[in-house]
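J.: Let me begin by handing over the structure; questions about it come next.
Protein chains: 2
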Amino acid sequence: MEGKASVKEEIRAQTEVVSTLKAQKASQEQIEKEMSKLLQLKAQLGGEDDDDEDKHSFVLKTPKGTRDFNPRQMAIREKVFDIIVSCFKRHGAETIDTPVFELKETLMGKYGEDSKLIYDLKDQGGELLSLRYDLTVPFARYLAMNKITNIRRYHIAKVYRRDNPAMTRGRFREFYQCDFDVAGHYDPMIPDAECVRIVYEILSKVDVGDFRIKVNDRRLLDGMFAVCGVPDDKFRTICSSVDKLDKASWEDVRSEMVNEKGVAPETADQIGKYVSKRGGQDLAEELLRDPNLAQNAQAQAGLRDMTLLFNYLQLFKVTDKVVFDLSLARGLDYYTGVIYEAVLIQPQDAGEEGVAVGSVAGGGRYDELVGMFDTRGKIVPCVGVSIGIERLFSIMEQKLESSAEKVRTTETQVLVASAQKSLLEERLKLVAELWDAGIKAEVVYKENPKLLNQFQHCEESGIPLVAILGEQELKDGVVKLRCVASREEVEVPRAQLVAEINRRAPPQQKF
Amino acid sequence: MEGKASVKEEIRAQTEVVSTLKAQKASQEQIEKEMSKLLQLKAQLGGEDDDDEDKHSFVLKTPKGTRDFNPRQMAIREKVFDIIVSCFKRHGAETIDTPVFELKETLMGKYGEDSKLIYDLKDQGGELLSLRYDLTVPFARYLAMNKITNIRRYHIAKVYRRDNPAMTRGRFREFYQCDFDVAGHYDPMIPDAECVRIVYEILSKVDVGDFRIKVNDRRLLDGMFAVCGVPDDKFRTICSSVDKLDKASWEDVRSEMVNEKGVAPETADQIGKYVSKRGGQDLAEELLRDPNLAQNAQAQAGLRDMTLLFNYLQLFKVTDKVVFDLSLARGLDYYTGVIYEAVLIQPQDAGEEGVAVGSVAGGGRYDELVGMFDTRGKIVPCVGVSIGIERLFSIMEQKLESSAEKVRTTETQVLVASAQKSLLEERLKLVAELWDAGIKAEVVYKENPKLLNQFQHCEESGIPLVAILGEQELKDGVVKLRCVASREEVEVPRAQLVAEINRRAPPQQKF
């Protein structure tokens, strides 16, 4: 059975390969090659189908790149969300919500090469819709639609990308983004610096090890491309080549620039010199003195803002984790100024620099996006940052997996139990009294459960107290309150039961 | 401009009518009729387009039947969610999450006539996907996939239905469901009664006026149809006719049964006698003595459980709002036993019974749904209830609209302000100190904001305190702390500022 199941899994995967190729209108030869693999797999399975399988030929799974969260994972997820939301609230943010899908035209022309990853809904008559790809474009649409010119808002919601999932590394097709954005005309770099501070606060609190926050500026990149000799119409595509430097070597990126995108080799080499630079405020000052960049107004504006940013970051006491990194590019089309990306650092052997293990936050300034939605093109400058919760969540989950810490998935304070038979009605009456008093309480859904089974339920789900009813207790107007951990039992008058439960097992403060 | 906009809106609506008809393969004649209306509207608009409109011909809106939530609405929504979640937790529930879309085949065959309202995703190569229509089917899929045989879980998430939205009445195409379900083999009607108690608790707390919880049983309905002479294969369709009785008159429903669905007039009349019955435990006992129903095992099972249910509901002290209502049918295919529906009651003139103004919760027992997903058809009995948050939310919003109560959308405790120019750096240093200490604090993002503007910001967003810095305060190592409401100001030594802020404006407990 095991072997058969894995062949079936392969068939499913191969079927998908074939239909993807068809959808992409791949060459006939390629489709045929993959198709023959599929047929071989099917032949392998042969006629061994049994009745059982025939009855339920459907596939019991979640869609590719998605997952369920079980109660234990939800408890961890809520913990991470609490940290993030309390940080956003500490910085005075309000929250909004937008629909999971937008008109297709709302998303069009905002994501450059990544647009192909957008999920479209089927045309079932009516509007053409797409699932949101991020929370930034819906935010800009919201601002324009409601003519809002200043707001500091956070939004935590799922977004959708038809990417190739690498789920073990925390990359999914459905994933949460936790966004903080500031819209409005303000003095330069003050909200921009607050965004960096927020990423710093959250990554420090979530306890996922060391991290760095890279910063750069789109204007500086554009200016640098200009002085290196990249033609204007190639800025965006060269930018997306540079963006690959966190995964690919400079040699590969250079080859893409020269051989695929057609920039001159000497231009690529000049770019190479710049994008290898990393530093802090000192680097910004050094580049301000660079005679080539001095000729470019865009680059100058970017560098002046970078200096100012580091000035504010110093006051915010976060510069120990911030790196000015000229190779940081960020793929999205809509950025116009400062850009950010936070990466986690894997500790190396003593003395060596840590290695980045992937992005956990990103963002930047996008001053023109709202204007794209406004009838009169009215500008509302924006800057923001998006925390990628999935990877943080994966890391915390692995940590808990390897630790002995037990995660409770309920907050029940007490189980109402009975020591003898035929006391269901008394248990129901008592549990209702406790609910009325705001106590988190359960009963076992059996008419005559064994006392031992009731205790066992408490052990398994971490319920700290048992309120035990018996004939004698009912006669005396008391309840026997048992502490599950210590097995200690005390008789409590019924009128004092609520207070005693709250004293011995205080309700969690969260709700 | 106004008139033109409304014609454009009509054109959009009419375009949708036409494409829906085409998708439904309506008659050529009907399509042409609607098409000519569309052309007339377009002619009406004529060539009056101006440049301005040309530049931005896109439509700035959310998709039909959806909406954004602004910060004020979010504050109300969070309040309602808090009530609901704390109720679910009081009853010992854990939570899970599932993807927003499922494999199309997972949803197929679960919703009867309503399946046409499911949103499909476009086939972009790969799996065929649909947006979830409720949280119950994904829950059943989750249980079967993970071989879970008992759990008490809640799930709060958005679901999607291509229904005709009546947004003023709180009906949307994207809306939240708040579900509580119990899966497992238990003694009869204990978890079923807890579901009713939960609806009772939530509707009592949310403060949306009077309500009733109707209960009935699918087996009783089927048994009743049988003894009235409905053929087996018409149970479901007659059930869905009965389901319309909350909106349509008996005469209309009877006519649908007789003329469209082909049941005999005398059968319809017999059904009519039953479905007009309402009561409590007494009605269940009366029907147990009904000689017709006595011949039907299904009806008897339903009635015995109904008696037991009322027995437990009495212990739970909720019978004052519960009605045994034989006209309650519920459309979904998967119910197998008790069914629930909660309705809000509009108060009438003194002496009259209130009028139901629409459903706010619904649910029931679905013992066979999980088995539909299990390879061996293994049964996991389930019962649950779903709270329809949107209508509750609409009502609370209207209430707040008409009251003078001010809803705060942030939790900021203090604004760090300056009395003179050139103190931006000092403000940034102080606000970072406050953030470090966990204080919720803001600065105005200007280099030299006027003190009055800073005060005004506090008034507008309800910030209770201002920490004012000036040259003198900096020299003295103090901060002037101003209470916005009383305008009282005190000098506080910098070392005591955090404690003083928390004393005067305690942080909200929620996070």
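Line by line, the protein sequences are chains A and B.
Residue numbers are given in our numbering: position 380 of the first sequence equals residue 380, and the series is strictly consecutive.
To convert, take the position in the second sequence, counting from 1, and add 1000; that gives our numbering.
Even glycine gets a Cβ: it sits at the ideal position worked out from N, Cα and C.
Compare the C-beta of residue 136(A) with all C-beta atoms of chain B and state if any pair is closer than 8 Å.
T.: no
J.: Ignore the nearest five residues each way along the sequence and tell me which others in residue 1076(B)'s own chain have a CB closer than 8 Å to its CB.
T.: 1393, 1396, 1397, 1400, 1407
J.: Considering only residues of the same chain and omitting the five flanking positions on each side of residue 134(A), which have a CB-CB separation below 6 Å?
T.: Result list for residue 134(A): 159, in chain order.
J.: Counting only beta-carbon atoms, is residue 141(A) nearer than 8 Å to chain B?
T.: Taking CB atoms only, residue 141(A) has a neighbour in chain B less than 8 Å away.
J.: Can you find a CB in chain B that lies within less than 8 Å of the CB of residue 63(A)?
T.: yes
J.: List, in order along the chain, the chain A residues whose C-beta lies closer than 8 Å to that of residue 1102(B)?
T.: 62, 63
J.: If you measure beta-carbon to beta-carbon, which residues of the region 1106 to 1126 of chain B are closer than 8 Å to chain A?
T.: 1106, 1119, 1120, 1121, 1122, 1123, 1124, 1125, 1126
J.: For chain D, check one thing: does any of its Cβ atoms lie closer than 8 Å to the Cβ of residue 1366(B)?
T.: The structure shown has no chain D; the protein chains it does contain are A and B.
J.: Is there at least one Cβ from chain A nearer than 8 Å to residue 954(B)'s Cβ?
T.: Beyond the ends of chain B as shown, which are 1001 and 1511, falls residue 954(B); an answer cannot be given.
J.: What are the residues that DSSP puts in a beta bridge with residue 152(A)?
T.: 182(A)
J.: Could you please give me the residues that DSSP links to residue 217(A) through a beta bridge?
T.: 338(A)
J.: Could you check which residue in 183(A), 205(A), 119(A) has the C-alpha nearest to that of residue 1435(B)?
T.: Comparing Cα positions, the closest option is 205(A).
J.: Cα-Cα, which of 494(A), 194(A), 391(A) is closest to residue 177(A)?
T.: 391(A)
J.: Apply the 10 Å Cβ neighbour rule to residue 1185(B) and answer buried if 16 or more other Cβ atoms are within range, or exposed otherwise.
T.: exposed
J.: In chain order, what residues of the same chain lie with their CB nearer than 7 Å to the CB of residue 459(A), ignoring the 5 residues before and after it?
T.: 484
J.: Closest to residue 261(A) by CA distance: which of 242(A), 276(A), 279(A) is it?
T.: It is 242(A) whose Cα lies nearest to the Cα of residue 261(A).
J.: Figure out for me which residue from 1192(B), 1174(B), 1175(B), 1172(B) has the closest Cα to the Cα of residue 1181(B).
T.: 1192(B)
J.: Strictly below 7 Å CB to CB, what residues from chain A border residue 1069(B)?
T.: 96, 97
J.: Out of 14(A), 63(A), 59(A), point me to the one whose CA is closest to residue 39(A)'s CA.
T.: 14(A)
J.: If we count the other Cβ atoms within 10 Å of its Cβ and call it buried at 16 or more, is residue 264(A) buried or exposed?
T.: exposed
J.: Please list, in chain order, the chain A residues whose beta carbon lies closer than 7 Å to that of residue 1338(B).
T.: Within 7 Å Cβ-Cβ: nothing; residue 1338(B) doesn't reach chain A, min ~14 Å.
J.: When you compare the CB of residue 59(A) with every CB in chain B, is at least one pair closer than 8 Å?
T.: With its beta carbon less than 8 Å from one in chain B, residue 59(A) belongs to the interface.
J.: Give a yes or no on whether the C-beta atoms belonging to residue 275(A) and residue 303(A) are separated by under 8 Å.
T.: If you check the CB distance, residue 275(A) and residue 303(A) do not come in under 8 Å.
J.: Going by the beta-carbon positions, is the gap between residue 129(A) and residue 161(A) smaller than 8 Å?
T.: no
J.: Name the DSSP bridge partner or partners of residue 1130(B)?
T.: 1102(B), 1120(B)
J.: Using the Cα positions of residue 120(A) and residue 1121(B), report the straight-line distance between them to the nearest angstrom.
T.: 6 Å
J.: According to DSSP, is residue 1325(B) part of a helix, a strand, or is it coil?
T.: DSSP, reduced to helix, strand and coil, places residue 1325(B) within a strand of the structure shown.
J.: Please classify residue 1276(B): does DSSP put it in a helix, a strand, or coil?
T.: coil
J.: For a test of the three-state rule: what should DSSP assign to residue 419(A), helix, strand or coil?
T.: coil
J.: Is it right to say residue 953(B) is buried, meaning 16 or more other beta carbons lie within 10 angstroms of its own, or is it exposed?
T.: Absent from the model: residue 953(B). The displayed extent of chain B is 1001 to 1511, so no value can be given.
J.: For the region 100 to 113 of chain A against the region 436 to 454 of chain A, do three or more pairs of beta-carbon atoms, one drawn from each stretch, fall closer than 8 Å, so that the two count as touching?
T.: no
J.: Among 1300(B), 1493(B), 1371(B), 1255(B), which has the Cα closest to the Cα of residue 1149(B)?
T.: 1371(B)
J.: Within its chain, find whatever has a CB closer than 7 Å to the CB of residue 54(A); leave out the 5 residues flanking it on each side and keep chain order.
T.: Interpretation of residue 54(A) is limited by its pLDDT of 41, a score under 50 that renders its predicted location unreliable; the figure taken from the coordinates is listed afterwards. Cβ within range, chain order: n/a, list empty.
J.: For residue 1414(B) versus residue 1427(B), is the C-beta distance shorter than 8 Å?
T.: no
J.: Against chain A, which members of the region 1410 to 1432 of chain B pass a CB distance test of less than 8 Å?
T.: 1410, 1411, 1412, 1424, 1425, 1428, 1429, 1432
J.: Given residue 1268(B), which residues of its chain have a CB within under 7 Å of its CB, disregarding the five upstream and five downstream residues?
T.: 1254, 1257, 1258
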